[in-house]
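Line by line, the protein sequences are chains E and B. Residue numbers for the first sequence follow my numbering, so the first one is 190 and each next one is one higher. Residue numbers for the second sequence follow my numbering, so the first one is 538 and each next one is one higher. Working notes for the structure below.
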Amino acid sequence: MKTSDLVVVLAGGLSHEREVSLRSGRRAAQALRDVGHEVVELDVSSTLLSQLEELGKPVVVPLIHGGAGEDGAIRQALELVDVPFVGSTSRSSRVAFDKAIATPRVASAGWVTATQVALPDDMFRELGAPTLVKALAGHLGFPMMVKPARSGSALGCTKVERIEDLPAAMVQAYAYGGVAVVERFVTGIEVAVPVIDTGSGPVALPAVEIRPDSGVYDYTARYTAGATRFLAPAELSDDVAERCAQLAVGAHQALGLRDLSRTDLIVDADGVPVFLEANVAPGMTETSTMPLSMEAAGMDLGHVLSDLIQLARLRGPEA
Amino acid sequence: MSLEQPRRDTRLDRYVETYAERTHGLKVSAVRALFSVANRPEVVSLAGGMPNISDLPLDVIGSRIGELIATRGTQAMQYGSGQGEEKIREQICEVMALEGITGHPDDVTITTGSQQALDLVTRTFIDPGDVVLAEAPSYVGALGTFQAYQAQVVHVAMDDDGMESAALTAAIRTLRAQGRRVKFLYTIPNFNNPSGILTTWERRQEIARICREEQVLVIEDNPYGLLSLDADPVPAIRSFDAENVVYLGSFSKTFAPGFRVGWALAPHAVREKLVLAQESATLCPPVFSQFAISTYLSTWDWKAQITVFKDMYRARRDAMLDGLTEHMPPGTTWTHPKGGFFVWVTLPEGLDSQALLPRAVTNRVAYVPGTAFYADGLGSRNMRLSYCFPTPERIFEGTRRLGEVLDAELEIHTMFGIDSTPHPHDFAAGPGPDVS
């Protein structure tokens, strides 16, 4: 088989975000077909690596969200079998996916982040939950956000207003993994800023402002068409928009990301963008912010991905 | 640097202002997202209610359907009657006779699965705001249909004998005192989905009497009646009350769901409305499927096939009950179904089945949280486990994984001081949730 134009879109996987990933994969695959690529859509399975081998090791576009898709595990496997792929390396994905590591890393680079405490469930077991809960409340104050350290799409995230509700929120977050992060709640404008780098350095795309009808950008607000209002570009002053762009590019660089990423942030009451998280496999669904931002920038999803595929092909497998 | 572009204000759905009001409750849920993982082969799914049809004689069915196409294809693949084909309606009356029902083929309306029968009945009787009474808990697919027609569902408590008569009377009278219109009672007396409860003969008579006296129509949904695993058959409510019952039946569990053939047996006046509703919905129910099932019923020993199914489901049910006994932590209770597909589990106090679903999926086991079976948010301490599809070994393994999940969740609850002491109620007395 001729492989030069063949592309594999990898979507699905076994994480809690499987459904979203499949939707992202379908959309990206169609966008690539629309610009002339031959696309094979694959899911993660025990035959994946042999399928890639049979296809002649084409460039892979990994769109697995959550879990193994974004924590570097799948990318590590692709690196092991010398398959070139679009996006960040396994090493930087591992860093970016874990909020307990990524947030301090971005803060160390001089960017404003939400004040955060990261705690594995073991700590509560060993040190006693009541004392730690009280300490958390004292340190961060209310409201606070409780999140799984390694999950996406707002799954397992809870806004906590009172100390009585904190234990249940922690339990909810630990249902998604052994480490939870607790952050001081930042009131402000919710914004997503995609970054792409097609070879001449990372560039921020227009910020997308997110206004969920329910007031909370939870899973339902993210993936129910019509439940959230998006403004692209965001309704921000030029100065604030520029600061958001700088933060997104700064986070992309601080985390060592490659090709594309999306940074979620809050613009606080003083107009300061506060980093929340960076995503190495941004959603490409009908309700995702990255395609919307590309559209606002006058870019076509298929062409952007095609450029990134060309870059990955030139780059070849990881050394 | 950033790129400057004109602003676009969008909800990414150009029809958002156009949708009918009844669609406003339709939202994507995180639970649904978790279920997308449940379909992966690595996961033991105790969630779905898919009949296990691997024991069907596919070669025989294939040959009979081939013959059907060769000899009567132009008829079988043509439009048909809105009420359904006469032959299959006659055969359905023979099927219903096994449950004590005397029905006339003229009063049978064929539907696209009994789910469509439910839709037609609801469409025929419900105006927005009308009340539907249903067991607590009740079938999620029915609740969805009722919601789609903007009915208000009021649940009536159950115990091990079925819906509680006193609770039914009280619910009807209370609702009427509030000026609310109670249109019908929806009940699944045989191996209720999700609880597995079999309504006793005495309770059936009481329910029928109360509904007659209070002039509330009974919708008797009976997909599992012929799948009694070790219970003595109990006659259908329709068998002794032909005037106040609309009876819904299905071939999905006794043959195969892919044909999508169900039916409604209704009092004559209601049947007229159902046929008109069917004609406006689909012109006619799937003709080819009716011919195929009719051929199956007339050329195969379908009763013996049901016995084969029952033996297969019994082994699975037993594996699940053994697994639950072996693996569930103290404070967990569950029903012991004598037929059908489902076991209804009540978790120790403090546990929330929806909240622990991600932990379960991570541990490669899936179930349906109990809240799906209530229209009013109850059921958070419950889960529905189905034993119909996986092998007995996988079912047992699934309960082992579930036990691990519950142990881990209980441990973390204990760690945070969330009360997980066994609840004080004797759940052997009934399948309902602890709402205290």
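For each residue, glycine too, the CB sits at the ideal point set by N, CA and C.
Could you work out which residues of chain E lie near residue i, taking near to mean beta carbons separated by less than 9 angstroms?
| i | result |
| --- | --- |
| B:G940 | Within 9 angstroms Cβ-Cβ: nothing; B:G940 doesn't reach chain E, min ~16 angstroms. |
| B:I725 | Here the premise fails: no neighbours, minimum Cβ distance about 29 angstroms. |
| B:D944 | Here the premise fails: no neighbours, minimum Cβ distance about 14 angstroms. |
| B:V553 | A414, G415, A416 |
Excluding sequence positions up to five away, which residues of its chain have a Cβ less than 8 angstroms from the Cβ of residue i?
| i | result |
| --- | --- |
| E:D260 | S282, R283, F286, D287, R339 |
| B:V771 | P726, N727, L735, T736, T737, W738, R741 |
| E:M312 | L321 |
| E:A393 | V382, P383, V384, C433, A434, Q435, A437, V438 |
| E:A376 | One point to set straight first is that residue 376 of chain E is Thr, not Ala, in the sequence displayed. So the qualifying residues of the chain are I455, D457, A458. |
| B:L571 | L894, P895, V898, A903 |
| B:S702 | R740, E743, I744, I747 |
Excluding sequence positions up to five away, which residues of its chain have a Cβ less than 6 angstroms from the Cβ of residue i?
| i | result |
| --- | --- |
| B:F964 | Confidence at B:F964 is low in this model, with a pLDDT of 39, below 50, so its placement is unreliable and no value can be given for it. |
| B:S973 | A caution first: B:S973 carries a pLDDT of 31, below 50, which makes its placement in the model unreliable, though a value can still be read off. Closer than 6 angstroms at Cβ, skipping near neighbours: no residue. |
| E:T292 | T302, Q305 |
| B:T832 | R601, L605 |
| B:R548 | none |
| E:G505 | P273 |
| E:P462 | R432, C433, L436, L454, V456 |
| B:A974 | One cannot answer for residue 974 of chain B here, as it falls past the ends of chain B, which runs 538 to 973. |
Tell me residue i's beta-bridge partners as DSSP assigns them.
| i | result |
| --- | --- |
| B:W881 | B:R921 |
| B:H692 | B:A671 |
| E:E466 | E:D453 |
| B:I647 | B:W800 |
| E:D489 | Answer is none; E:D489 lacks a bridge partner. |
| B:G699 | B:D696 |
| B:G876 | B:S765 |
| B:W871 | B:V882 |
| B:D546 | E:L420 |
| E:K348 | E:M334 |
| B:Q906 | Checking the sequence, you will find Pro at residue 906 of chain B rather than Gln. Answer by DSSP bridge pairing, in chain order: B:M920. |
Leaving aside the five residues before and after residue i along the sequence, list all residues of the same chain whose C-beta is less than 7 angstroms from its C-beta, in chain order.
| i | result |
| --- | --- |
| E:D496 | T387 |
| E:D428 | none |
| E:D194 | H226, E227 |
| B:I955 | G887 |
| E:V493 | I385, M483 |
| E:E424 | E398 |
What residues from chain B crowd round residue i, counting only those whose CB sits closer than 7 angstroms?
| i | result |
| --- | --- |
| E:L199 | Those do not exist, as E:L199 stays about 15 angstroms from chain B at its closest Cβ, beyond 7 angstroms. |
| E:L325 | Per Cβ cutoff of 7 angstroms: no residues; E:L325 is ~12 angstroms from chain B at best. |
Which chain E residues sit within Cβ distance under 8 angstroms of residue i?
| i | result |
| --- | --- |
| B:M952 | D310, F313, R314, A318 |
| B:S573 | R207, E208, L211 |
| B:R918 | Here the premise fails: no neighbours, minimum Cβ distance about 14 angstroms. |
| B:E672 | Those do not exist, as B:E672 stays about 28 angstroms from chain E at its closest Cβ, beyond 8 angstroms. |
| B:E579 | L203 |
Along chain E, which residues have their Cβ under 7 angstroms away from the Cβ of residue i?
| i | result |
| --- | --- |
| B:S651 | Here the premise fails: no neighbours, minimum Cβ distance about 28 angstroms. |
| B:R545 | A421, A485 |
| B:K847 | Result: empty, since nearest Cβ-Cβ is about 35 angstroms, beyond 7 angstroms. |
| B:I949 | D310, V360, Y363 |
So which residues of chain B does residue i contact, with C-beta pairs closer than 8 angstroms?
| i | result |
| --- | --- |
| E:L329 | Correct list: empty, because the minimum Cβ distance to chain B is about 17 angstroms. |
Given that residue i touches chain B, what residues does it touch there, using C-beta distances under 9 angstroms?
| i | result |
| --- | --- |
| E:L500 | The contacting residues do not exist; E:L500 stays about 19 angstroms from chain B at best. |
| E:L497 | Those within 9 angstroms of E:L497 in chain B number zero; the least Cβ separation is about 17 angstroms. |
Query raised in the report: In chain order, which beta strand (DSSP E) runs of at least 3 residues are fully inside the stretch 784-813 of chain B?
Result: For the stretch 784-813 of chain B, the full-length beta strand (DSSP E) segments reaching 3 residues or more read 799-802 along the chain.
Report task. Please list the residues of the stretch 354-382 of chain E that have a C-beta atom closer than 9 angstroms to any C-beta atom in chain B, keeping them in chain order. Result -> If the cut-off is 9 angstroms between Cβ atoms, the stretch 354-382 of chain E has L355, P356, A357, M359, V360, Q361, Y363, A364, Y365, G366, V382 near chain B.
Requested in this report: At 3 residues or longer, and completely inside the stretch 272-335 of chain E: list those beta strand (DSSP E) runs for me, N to C.
Outcome: Scanning the stretch 272-335 of chain E from its first residue to its last, the whole beta strand (DSSP E) runs of 3-plus residues come out as 305-309.
Query raised in the report: Of the residues that make up the stretch 466-481 of chain E, which ones have a beta carbon closer than 8 angstroms to any beta carbon in chain B?
Result: Those would be E475, T476, L481, in chain order.
Query raised in the report: In chain order, what residues of the stretch 300-322 of chain E put their CB closer than 9 angstroms to some CB of chain B?
Result: Listed in sequence order: D310, F313, R314, G317, A318, P319, V322.
Requested in this report: Scan the stretch 889-915 of chain B for residues whose Cβ lies nearer than 7 angstroms to a Cβ of chain E and list them as they occur along the chain.
Outcome: Cβ contacts with chain E come from A892, L893, P895, R896, V898.
Requested in this report: Identify each residue in the stretch 390-415 of chain E for which the Cβ-Cβ distance to at least one residue of chain B is less than 7 angstroms, and report them in chain order.
Outcome: So the list reads V392, A393, L394, P395, Y408, T409, Y412, T413, A414, G415, given in the order they occur along the chain.
Requested in this report: Mind listing, in chain order, the continuous alpha helix (DSSP H) runs of no fewer than 4 residues lying wholly within the stretch 719-785 of chain B?
Outcome: For the stretch 719-785 of chain B, the full-length alpha helix (DSSP H) segments reaching 4 residues or more read 738-750 along the chain.
Query raised in the report: Which of the residues in the stretch 417-431 of chain E, read from start to end, lie with their CB under 9 angstroms from any CB of chain B?
Result: Sequence-ordered contacts of the stretch 417-431 of chain E with chain B read T417, R418, F419, L420, A421, P422, A423, E424, D427, A430, E431 [C-beta pairs closer than 9 angstroms].
**Report entry** Residues of the stretch 209-223 of chain E with Cβ closer than 8 angstroms to any Cβ of chain B, in chain order
**Finding:** Listed by position, the residues of the stretch 209-223 of chain E near chain B (Cβ gap below 8 angstroms) are V209, L211.
Query raised in the report: Mind listing which residues of the stretch 763-795 of chain B have their C-beta closer than 8 angstroms to chain E's C-betas, in chain order?
Result: Residues of the stretch 763-795 of chain B with a C-beta atom less than 8 angstroms from some C-beta of chain E do not occur.
**Report entry** Contained alpha helix (DSSP H) runs [length at least 4] in the stretch 352-428 of chain E, N- to C-terminal order
**Finding:** With a minimum length of 4 residues, the unbroken runs of alpha helix (DSSP H) contained wholly in the stretch 352-428 of chain E fall at 355-363, 408-412.
Report task. Tell me the start and end of each unbroken beta strand (DSSP E) in the stretch 214-261 of chain E that is at least 3 residues and wholly inside, in chain order. Result -> Whole beta strand (DSSP E) segments, 3+ residues: 227-231, 248-251.
Report task. Would you list, in chain order, the members of the stretch 231-261 of chain E that have their beta-carbon closer than 7 angstroms to a beta-carbon of chain B? Result -> Taking 7 angstroms as the Cβ-Cβ cut-off against chain B, none of the residues of the stretch 231-261 of chain E qualify.
Report task. Within the stretch 553-614 of chain B, note down every full alpha helix (DSSP H) run reaching 4 residues or more, in order along the chain. Result -> Correct list: 567-575, 595-613.
Query raised in the report: What are the residues of the stretch 614-647 of chain B that lie near chain E, defined by any Cβ-Cβ distance shorter than 7 angstroms?
Result: Within the stretch 614-647 of chain B, no residue has a Cβ lying closer than 7 angstroms to any Cβ of chain E.
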